[in-house]
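Residue numbers (my numbering): 130 to 256.
The beta carbon of each residue, even a glycine, is placed where N, CA and C say it ideally should be.
Before any comments, here is the structure.
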Amino acid sequence: MLLDSAFLIDLLDKDSGAVAKLDEIEAEQMPVGIPTLVVVEVGVGLSVASEQELFDDVIGSVPVLPLDRAAATRAVEIQRDLRAAGREIGAVDVMIAGTAAASSDPTVLTRNVEQFERVEAIDVESY
C-alpha cells in the first residue's frame with residue numbers, strides 16, 4: 130500500500146482517522162511505501178520544525194519508491210486512458226498512481242478518493 134500526501138498531511142495534523150489507520154497498519158504489520166513525489170509534495174509544505182522531525186521519522190521508517198521507468202510508463206498509460214475518457218487527473222497524482230500500478234501492491238491510501246478512483250489500474254483505500 131502506498132501512502133499518499135493527504136494521508137501523511139492528516140497524520141502530521143493528528144487527524145483521528147489517519148492516526149487510527151496508522152495504528153491498524155502497524156498492528157497488522159501491513160507493508161507500506163511512500164512514492165518519491167509524496168516526499169517532495171509533503172516536504173515542501175512543512176513549516177514547523179516539529180512537523181519536519183515527525184515527517185523525517187515517518188519517511189525514515191518506510192521504503193520510498195522511486196518514479197522509475199516502469200512507474201513512469203504506467204503513469205503515461207493511465208493519463209492517456211483518462212484523457213481519452215475526459216477524466217484526466219493532476220500530474221503528481223497520475224505519477225503516484227503510476228508508481229502504485231507498477232508496484233507489487235497497487236493500493237493508494239488517501240483522503241483524495243475522487244481523483245484516484247478514476248484510475249482502474251489501482252485500488253483506493255480511505256480512512
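Taking just the CA atoms, how far does serine 255 sit from leucine 137?
-> 12 Å
Taking C-alpha atoms, which residue in Pro195, Leu131, Ala135 lies nearest to glycine 174?
-> Ala135
Alpha carbon of alanine 214 to alpha carbon of valine 223, nearest angstrom | 15 Å
Give every residue of the same chain whose Cβ lies closer than 8 Å to the Cβ of valine 169, excluding the five residues on either side of it in the sequence, and list them in chain order.
-> none
Take the Cβ of lysine 143 as the centre, count every other Cβ of all protein chains shown within 10 Å, and call the residue buried at 16 or more, exposed below.
-> Classification for lysine 143: exposed.
In angstroms, rounded to a whole number, what distance separates the CA positions of valine 148 and alanine 200?
-> 28 Å
According to the Cβ coordinates, are aspartate 133 and arginine 203 closer than 9 Å?
-> no
If we count the other Cβ atoms within 10 Å of its Cβ and call it buried at 16 or more, is glycine 219 buried or exposed?
-> In summary, glycine 219 is exposed, with fewer than 16 beta-carbon neighbours lying within 10 Å of its beta-carbon over all protein chains present.
Beta-carbon spacing of leucine 194, leucine 141 below 9 Å = no
Nearest-angstrom Cα distance between glycine 227 and aspartate 234?
-> 12 Å
Alpha carbon to alpha carbon, how far is leucine 131 from aspartate 152?
-> So the alpha carbons of these two residues sit roughly 16 Å apart.
Does DSSP put glutamate 104 in a helix, a strand or coil?
-> No answer is possible for residue 104: it lies beyond the span of the chain, which begins at 130 and ends at 256.
With a cut-off of 8 Å on the beta carbons, I'd call isoleucine 207 and valine 237 a contact; round off their distance for me.
-> Taking C-beta atoms under 8 Å as the contact rule, isoleucine 207 and valine 237 fail to qualify, at a distance of about 12 Å.
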